[in-house]
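Following: one structure in structure tokens, then a few remarks.
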Amino acid sequence: MRSIISHSVFLYALVFAFPLWSQDVPHFQTEVNKLIAGDSAVDKKDVILFTGSSSIRFWTSLHADFPTANVLNRGFGGSQMTDLVGYVDQLIVPYDPKQIFIYEGDNDIAAGKNSTDILFDADRLLVAIRKQLSRKVQVFFISAKPSILRWPLRDKYADFNGKLEAWTKKKKKVTYIDVWTPMLDADGKVMADLFIEDGLHMNKKGYEIWAKAIGPFVK
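Under our numbering, residues 765 to 983 are what the sequence shown spells out, in order.
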């Protein structure tokens with residue numbers, strides 16, 4: 765009987781301890797490790813950093829789009845604003861960038877978060893950046909983009925973008941960049957030919973629109 769009780773206690777402890785063990789392994793750490801593995805070869809003079817979720821990660825033409833700038837891509841797929849907060853020390857601070865372009869919020873909304881919670885995390889992110897880098901560094905928040913896959917959530921995206929823009933206006937050295945509007949057609953619907961088969965990630969034409977919208981801010 766005592767053996768059965770001991771075995772039951774062990775199983776109980778195992779079941780409830782497992783989530784704690786899982787939390788000890790940071791989400792995206794493997795991907796982040798791969799990103800920073802070649803940091804010794806990175807030119808850290810006047811870095812213009814692009815970071816955020818997969819729309820940044822898949823921007824493979826970034827260097828070609830901004831050939832005269834020392835751009836660095838540190839996007840990691842599937843991330844949310846809170847994830848970037850957790851990786852500030854690894855993906856932003858070490859490069860001492862003069863400009864930081866951030867794309868987060870897209871996955872947050874799809875995950876069911878509201879604008880207020882996302883902006884709370886954006887504020888935490890900005891505080892972390894200001895605390896460890898120069899207060900003069902320019903920070904740009906790119907609006908959430910429209911997509912075929914997530915078009916049913918367009919009202920929530922529009923709400924987030926409006927609140928994100930208003931939030932940036934209250935901050936020093938922080939700018940909002942609108943990529944939502946130029947990705948819509950004359951009827952206000954998302955242009956279908958800007959995406960690959962999944963209806964979420966962009967093709968070359970989509971990134972050309974981004975480059976045109978973001979280009980004037982890259983200096």
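Ideal Cβ positions, reconstructed from N, Cα and C, are used throughout, including at glycine.
Two segments are said to touch when three or more pairs of C-beta atoms, one from each, lie closer than 8 angstroms; by this definition the segment 921-930 does not touch the segment 958-969. N837 is bridged by DSSP to F814.
Following the DSSP letters along the chain, one finds Q844 in no alpha helix (DSSP H), marked with neither H nor E. The beta carbons of K937 and K895 sit about 14 angstroms from each other, so the pair does not count as a contact at 8 angstroms. Sequence-distant partners of T932 (beyond 5 residues in either direction) whose C-beta falls short of 8 angstroms from its own C-beta, in its chain, are F905, V938, T939 and Y940.
When the Cα atoms are used, D810 and L897 turn out to be separated by approximately 13 angstroms.
Looking only at F814, S818 and W944, the smallest Cα-Cα distance to K920 is reached by W944.
For V982, no alpha helix (DSSP H) run applies, since DSSP gives it neither H nor E. Here F924 carries a helix assignment [DSSP, helix/strand/coil]. For F865, the uninterrupted beta strand (DSSP E) segment begins and ends at Q863 to Y867.
About 28 angstroms separates the CB atoms of M845 and D807; that is not less than 8 angstroms, and the two are not in contact.
A straight line joining the alpha-carbon of D860 with that of F822 spans about 23 angstroms. No Cβ-Cβ contact shorter than 9 angstroms links I912 with P946.
Going by DSSP, V891 is part of the alpha helix (DSSP H) stretching over S879 to Q896.
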